[in-house]
Amino acid sequence: MPSTALDSDRWRSTWDEVMAGFVPGMAGLESAIAATVEAVRGGSPRRCLDLGGGPGVLASRMSARWPAGRVTMVDLDPVLLSLARAAGVSVIDADLDSAAWTGLAGGGYDLVTSVMTVHYLPPPAIRDLYRRCRRVLAPGGLLIVADLMPDDGLPSVMRAMDPSPGDAAAEMAWVQWWSDLSQAQEFRHLMAARADVFRDRVPANFAGTLSWHQAAARAAGFTETGLIWRDGRHAALACAAPLAK
1 MPSTALDSDR
11 WRSTWDEVMA
21 GFVPGMAGLE
31 SAIAATVEAV
41 RGGSPRRCLD
51 LGGGPGVLAS
61 RMSARWPAGR
71 VTMVDLDPVL
81 LSLARAAGVS
91 VIDADLDSAA
101 WTGLAGGGYD
111 LVTSVMTVHY
121 LPPPAIRDLY
131 RRCRRVLAPG
141 GLLIVADLMP
151 DDGLPSVMRA
161 MDPSPGDAAA
171 EMAWVQWWSD
181 LSQAQEFRHL
191 MAARADVFRD
201 RVPANFAGTL
211 SWHQAAARAA
221 GFTETGLIWR
231 DGRHAALACA
241 APLAK
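Just so you know, the sequence shown maps onto residues 1 to 245 in full-length UniProt numbering.
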């Protein structure tokens, strides 16, 4: 039987391929995140937190790009957390729909990211998440939220892009990834734990517009908000925490 580490490499690689189907511009998004935070900080961030980081693929890339920094991720899924841990990612097992993760994560982060995560949460929980992110950031720190975030200034264009040409294939790849993993003996106990965690959780599938997210961020105390990346209906919003007085 392959080792857990080898399995982690395999499943994280195929996960990356699946996510690229949902967000074809993922490489550009990650470049935009890195370029933005490096410009703001004048160099590498010291502490980064990735919310809903799944198997830790983005966290690993941030660690490789900023080796002197410390990168931590938060997730709730037992399967994905096990893959992240096996790859050496520092993880926090916590629910983003609860205030508990802020105590576990601490504060003073230069960068907090959330990529393809907030659409799982209902609008009140997303507003709470913005407030909690504001609290864990260092003065002048950045929150970058990337998700389905239609431009409400172009409603007809956004409707024409929904669904995108690759959506059906991406959804099939997602289902197949989980089906294949569930057949692997070393993940069966984790799949059972995952079923327990998500038994009563129904994804909200909320696709708030860009202006909705900006309003939520400003209400949470972010002094500046703006778009740093867009690919069709997906976008990345950067939110700057106020500088210390």
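From the three backbone atoms N, C-alpha and C, an ideal C-beta is built for every residue, glycine too. Computed from a predicted structure; not experimentally measured.
Review point. In three-state DSSP terms, what is D110?
Key: strand
Review point. Can you tell me whether M62 is buried or exposed, with buried defined as 16 or more other CB within 10 angstroms of its CB?
Key: buried
Exercise for review: Would you mind giving the Cβ-Cβ distance between G53 and M26, rounded to the nearest angstrom? I have them listed as a contact below 8 Å.
Suggested key: G53 to M26, Cβ: 14 Å. No contact.
Review point. Tell me which same chain residues have a C-beta within less than 8 Å of the C-beta of R70, skipping the five on either side of it?
Key: R46, R47, C48 and S90
Point to revise | As assigned by DSSP and simplified to three states, the class of A195 | key: helix
Review point. Can the beta-carbon of H234 be found less than 8 Å from the beta-carbon of V23?
Key: yes
Practice item. Under 8 Å by Cβ, that's how I've got V79 and M172 pegged, so tell me the actual separation to the nearest angstrom. Key: 19 Å between Cβ atoms; not a contact.
Review point. When the Cα of D97 is compared with those of G88, A125, L81 and T117, which residue comes out closest?
Key: A125
Review point. From A35 to W229, what does the alpha carbon distance come to, in whole angstroms?
Key: 11 Å
Review point. Does DSSP put M73 in a helix, a strand or coil?
Key: strand
Review point. Among residues of its own chain, excluding the 5 on either side of M1, which ones have a beta-carbon nearer than 6 Å to its beta-carbon?
Key: For M1, the pLDDT reaches just 36, beneath the cut-off of 50, and the residue's location in the model is therefore unreliable, although a value from the coordinates is still provided. If we look at M1 and ignore the five residues flanking it on each side, it has no Cβ neighbours.
Check your understanding: Can you name, in chain order, every residue of its own chain whose Cβ lies under 6 Å from the Cβ of W101, other than the five neighbours on each side?
Key -> V74 and A94
Practice item. Can you give me the Cβ contacts of W15 inside the same chain, cut-off strictly under 6 Å, excluding the 5 residues immediately before and after it? Key: P55
Check your understanding: Who pairs with A236 in a beta bridge, going by DSSP?
Key -> A146 and W229
Review point. Would D152 pass as a contact of L210 if the rule is Cβ separation under 8 Å?
Key: yes
Practice item. Report the rounded CA-to-CA distance for L109 versus M116, giving the unit in angstroms. Key: Per the sequence shown, the amino acid found at residue 109 is Tyr instead of Leu. Whole-angstrom Cα-Cα distance: 20 Å.
Practice item. Compute the beta-carbon to beta-carbon distance between L143 and F222, rounded to the nearest angstrom, for a pair I have assumed lies under 8 Å. Key: 7 Å
Review point. How many angstroms separate the CA atom of A169 from the CA atom of W11?
Key: 19 Å
Review point. Just reading off the beta strand (DSSP E) that S90 is part of, what are its end residues?
Key: S90 to D93
**Study point:** Local conformation of R61 per DSSP, three classes
**Key:** helix
Check your understanding: Would DSSP call A20 helix, strand or coil?
Key -> helix
Practice item. Below 8 Å on the Cβ atoms is my guess for L237 versus Q214; work out the distance and round it to an integer in Å. Key: 7 Å
Review point. Taking DSSP as the reference, what is the three-state secondary structure of A87?
Key: coil
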